Amino acid sequence: MGSRLLFRQARIGGPRNGRSWLSSFHHLSSRSLHSLPFATVNAEEISGSRPAEVENFVQGNWTKSKNSNEILDPLNGEPFIKVAEVDETEIQPFVESLSKCPKHGLHNPFKAPERYLLYGDISAKAAHMLAQPKVSDFFTRLIQRVAPKSYQQAFGEVYVTQKFLENFSGDQVRFLARSFGVPGNHLGQQSHGFRWPYGPVAIITPFNFPLEIPVLQLMGALYMGNKPVVKVDSKVSIVMEQMMRLLHHCGLPVEDVDFINSDGKTMNRLLLEANPRMTLFTGSSRVAEKLATDLKGQIKLEDAGFDWKVLGPDVQEVDYVAWVCDQDAYACSGQKCSAQSILFMHENWSKSSLISKMRNLAERRKLEDLTIGPVLTFTTGQMLDHMSSLLCIPGSKLLFGGEPLENHSIPHIYGALKPTAVYVPIDEILKEENFELVTREIFGPFQIVTEYKDDQLPKILDALERMHAHLTAAVVSNDPLFLQEVIGKTVNGTTYAGLRARTTGAPQNHWFGPAGDPRGAGIGTPEAIKLVWSCHREIIYDFGPLPKHWEVPPPT
1 MGSRLLFRQA RIGGPRNGRS WLSSFHHLSS RSLHSLPFAT VNAEEISGSR
51 PAEVENFVQG NWTKSKNSNE ILDPLNGEPF IKVAEVDETE IQPFVESLSK
101 CPKHGLHNPF KAPERYLLYG DISAKAAHML AQPKVSDFFT RLIQRVAPKS
151 YQQAFGEVYV TQKFLENFSG DQVRFLARSF GVPGNHLGQQ SHGFRWPYGP
201 VAIITPFNFP LEIPVLQLMG ALYMGNKPVV KVDSKVSIVM EQMMRLLHHC
251 GLPVEDVDFI NSDGKTMNRL LLEANPRMTL FTGSSRVAEK LATDLKGQIK
301 LEDAGFDWKV LGPDVQEVDY VAWVCDQDAY ACSGQKCSAQ SILFMHENWS
351 KSSLISKMRN LAERRKLEDL TIGPVLTFTT GQMLDHMSSL LCIPGSKLLF
401 GGEPLENHSI PHIYGALKPT AVYVPIDEIL KEENFELVTR EIFGPFQIVT
451 EYKDDQLPKI LDALERMHAH LTAAVVSNDP LFLQEVIGKT VNGTTYAGLR
501 ARTTGAPQNH WFGPAGDPRG AGIGTPEAIK LVWSCHREII YDFGPLPKHW
551 EVPPPT
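Under the UniProt record's numbering, think of the first position of the sequence shown as 1, with each following residue one higher.
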């Protein structure tokens, strides 16, 4: 009951188009929520006494399994969702379903091209539905229920998904398969390049963005002609299960996508037996590397990001920069792969009020509105132990936070920590014995802060070169020479530059993904979809005619 009350309080914080979430809720009775033509749950009612159920979808049918995994409410620890998790003895229908899809896919430029138009129509219908307030509110609240974050953060995920679907409506899907031609060496010869599907593919996505990541990757796979099996972290898979039902309502052919709930071991077995031609994995680096080996490199990765921000020498708009730092580090309780993990500030910034303003902003965050909340992959003890290890480094100090959240019922398997920042001197960070510890990604409200002088910029660049994850970054400066120096000597795939630079955001209007790794995956844009979900195929036409008086030439 306590989590339902907290959930109701958390909803109130979200103004949307000038209309508060509370006022919009008054337009939605329980009856209207159940009137959604696709929905089988009501986020308001999910609780330990009224648990929701999540099913699998395979070969055109919703199915249960022999066993279910009871998901604990992240706000009070009650079992509140029963997920029908498939075990290794139940994967055969999924293996058979993928095996029915040929390598040339469900469609390609020479096969069933009308399906490009079909998916333009499906996207248009789904975008229209997600734009309806009662539908967007339904998904926003459902996201909040399983991955607690503020209303604005949860709604932002729905908004990006809706805009993405809008972007790929109409003819935009077939434009993804645009080909090109090059004149040949003689009359009748031309070469043409085409984007070709892989056929059977797999998509594995994490808990932190339960709608945006799986939907954008799923639709990209479908647009290019592939048949995917989708697995979302069971803690949050109810969101994607409901989205699958919405897509079916919008005309998605039921044979085109399978949806599986399982543990990691079972999914690994499915991948080895079904042998998908390509797998997209978003999640931890450890699992990513194992899958890359098991699948013999037939994989694209968007794995961990120890994301950095460099503040240049030109100090201005301190209030704004402090606010962006707070959002980057602590929104969604720091559980974004793009979250600000380390802040390199020029000494000019350390002389300003930046840190005190960051502290004040962090202290505004509270569990009541979910601007700070449960950490689903680290316990409180693990985060505090990491902080203690950092504080053993000479010259390090706690800037703010460093204490457990108070007056909550978050279960012990999850973390509950106040927004935390630890200062570590740059020379200590660079020491071999410290570097791995300092650059360990803590997927929670935790960041490292350090400072540098003008002549220490090469040390900063050395630290950035030594890091392993190259997802997002921010260079906060309007000095073009400083920007040129830092951007030219770094590699992060999504880098924001300028006074308003951030590390988080991931909207639908630009590439989001790592760089520096040939396995790196992108999301959201035509370039990302073509890179991840298609390969190049060259067709060389050579019709003739033969030259007059052609004769068989001598052997070569």
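Every residue, glycine too, gets a C-beta built ideally from N, C-alpha and C. This one's a predicted model, so the numbers in the text were calculated from it and none came from an experiment.
{"Item": "Three-state class that DSSP yields for Glu78 in the structure shown", "Value": "coil"}
{"Item": "First and last residue of the uninterrupted alpha helix (DSSP H) at Gly156", "Value": "Tyr151 to Asn167"}
{"Item": "Where Ile413 falls, given that 16 or more other Cβ within 10 Å makes a residue buried", "Value": "exposed"}
{"Item": "Continuous beta strand (DSSP E) stretch holding Leu72: start and end", "Value": "Asn67 to Leu72"}
{"Item": "C-beta contact flag for Ser99 and Ala304 at 8 angstroms", "Value": "no"}
{"Item": "Residues near Thr495 by beta carbon distance below 6 angstroms, same chain, minus five either side", "Value": "Ala473"}
{"Item": "Distance CB(Gln217)-CB(Ile203) smaller than 8 angstroms", "Value": "yes"}
{"Item": "Contact under 8 angstroms by Cβ, Ala322 with Ala329", "Value": "no"}
{"Item": "Supposed close pair Asn69, Glu85 - CB separation, criterion 8 angstroms", "Value": "5 angstroms"}
{"Item": "Assigned exposure category for Asn226 - 16 Cβ within 10 Å defines buried", "Value": "buried"}
{"Item": "Start-to-end residues for the alpha helix (DSSP H) that takes in Met278", "Value": "Taken as a continuous stretch (DSSP letters only), Met278 belongs to no alpha helix (DSSP H), being part of the beta strand (DSSP E) at Met278 to Thr282."}
{"Item": "Terminal residues of the beta strand (DSSP E) in which Ala202 lies", "Value": "Pro200 to Thr205"}
{"Item": "Distance CB(Leu211)-CB(Phe139) smaller than 8 angstroms", "Value": "yes"}
{"Item": "Closest residue to Ala147 among Met224, Val375, Ile46 and Glu347 (Cα-Cα distance)", "Value": "Val375"}
{"Item": "Test item: CB-CB of Lys300 and Ala506 under 8 angstroms", "Value": "no"}
{"Item": "Terminal residues of the alpha helix (DSSP H) in which Val95 lies", "Value": "Gln92 to Ser99"}
{"Item": "Local Cβ density within 10 Å of Glu551, reported as buried at 16 or more and exposed below that", "Value": "exposed"}
{"Item": "Proximal residues to Cys535 (C-beta, below 6 angstroms), its chain only, five neighbours per side dropped", "Value": "Trp196"}
{"Item": "DSSP beta-bridge partners of Pro183", "Value": "Gln190"}
{"Item": "Inter-residue Cα distance where the pair is residue 557 and Pro411", "Value": "Nothing about residue 557 can be reported from this structure: the residues present for the chain run from 1 to 556 only."}
{"Item": "Beta-carbon contacts of Ser30 that lie in its chain and below 6 angstroms, excluding the five residues immediately before and after", "Value": "Per-residue confidence for Ser30 stands at a pLDDT of 42, beneath the threshold of 50, marking its modelled position as unreliable; the derived number appears in the next sentence. Within the same chain, Ser30 has no close Cβ partners at all."}
{"Item": "Spatial distance of Gly13 from Val135 (CA atoms)", "Value": "Its pLDDT being 47, under 50, Gly13 is placed unreliably by the model, and the measurement read from it follows with that caveat. When rounded, the distance between both Cα atoms is 18 angstroms."}
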